[in-house]
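Working notes for the structure below.
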Amino acid sequence: PRKTIAPLVPYADSLMLTRGTLRNCVDAVADVPVVLRVSGGPSILKELSNEEITTSMKEALRLNSAGVGMSVFVGGEHEKQTLVNLGHLVNEAEEFGMPVLAITAVGKEMERDSRYLGLACRIAAEYGAHIVKTYYCKEGFGKVVDGCPVPIVIAGGKKIEEKGALEMSYNAIQAGAKGVDMGRNIWQSDHPVAMIKAVRAIVHDNYTAKEANELFEKEKKRS
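Just so we're aligned: the sequence shown equals residues 46 to 268 in our numbering.
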């Protein structure tokens with residue numbers, strides 16, 4: 046992971062990761078804000094919503110985090126548990142002026158449509174999240190954004206071909222998303238630096254999906 050992350054850092058607005066990854070895979074002098082993931086639970090077992098807070102606010106402060114992030118599972122078996130955890134995290138974070146990112150995680154049984162995503166994002170904001178990360182949906186994503194009183198960034202989701210990931214990023218930004226929190230579609234690309242540059246151009250430089258894909262094709266020849 047260290048070799049994968051290092052060349053991407055100059056083009057990232059922030060990194061979202063766990064403390065173990067931060068400690069072992071990111072240079073201590075890297076000039077990039079960190080959003081520390083502080084929740085976790087099952088990774089193989091069926092019920093992924095059974096998450097708890099795994100990292101303390103004291104640890105987040107010690108690691109000089111710019112924000113903290115945790116998953117909430119609206120509609121999941123452990124919805125109440127994750128929402129109560131979000132409330133407690135916000136209570137702690139407010140004492141130190143620490144922004145909280147709520148991640149609207151979806152179990153395998155939940156459909157990622159605008160009705161569900163809009164509800165999940167709104168609830169996360171109502172519990173005190175300062176920013177919400179959610180999935181993009183082709184139909185009605187603008188309504189998801191409009192119904193959430195705090196900024197939304199989209200998740201990159203599963204690995205798809207680069208052109209499709211750039212189109213998704215562009216469509217989300219056009220619908221009102223404020224950013225793209227992309228993992229696998231960048232670091233699993235054969236040309237991760239070219240890909241992060243293309244995504245950055247969409248978010249910050251108003252590139253269209255076509256222009257971003259052309260930039261990706263140009264940059265990958267250099268890598």
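Using N, Cα and C, we set each Cβ at its ideal position, and we do this for glycine too.
Handout entry: Host beta strand (DSSP E) of VAL198 (start-end)
Key = 197-200
Problem - Distance, PHE186 Cα to GLY224 Cα - result: 14 Å
Exercise for the section: Under 6 Å Cβ to Cβ from MET213, same chain only, skipping five residues before and after it: list those, please. Expected result: TYR181
Exercise for the section: Have a look at LYS204 and ALA254 and give me their C-alpha separation to the nearest angstrom. Expected result: 17 Å
Practice task
With a floor of 4 residues, list each alpha helix (DSSP H) that falls wholly inside the segment 58-131, ordered by position along the chain.
Solution key: 64-70 and 102-107
Practice task
Rounded to whole angstroms, what's the CA-CA distance from LEU162 to ALA147? Just pull it up for me.
Solution key: 13 Å
Handout entry: Alpha-carbon to alpha-carbon, ASP72 and PRO237
Key = 18 Å
Exercise for the section: Would you tell me roughly how many angstroms separate the C-alpha atoms of GLU22 and ILE89, rounded to the nearest one? Expected result: Residue coverage of the chain in this structure runs from 46 to 268, which leaves residue 22 outside it and unanswerable.
Handout entry: Cβ neighbours of MET61 in the same chain (closer than 7 Å, five flanking residues each side left out)
Key = VAL80, ARG82, GLY114 and ASP226
Handout entry: Nearest to ASN69 (by Cα), restricted to the options THR127, LEU108 and SER94
Key = LEU108
Problem - Those residues which DSSP pairs with THR149 across a bridge - result: VAL117
Practice task
Let me know if THR49 comes out buried or exposed under the rule of 16 or more other beta-carbons within 10 Å of its beta-carbon.
Solution key: exposed
Exercise for the section: Starting from the Cα of VAL129, find the closest Cα among ALA174, ALA75 and ASN258 and give me that residue. Expected result: ALA174
Handout entry: ALA243 versus PRO144: straight-line alpha-carbon distance, rounded
Key = 27 Å
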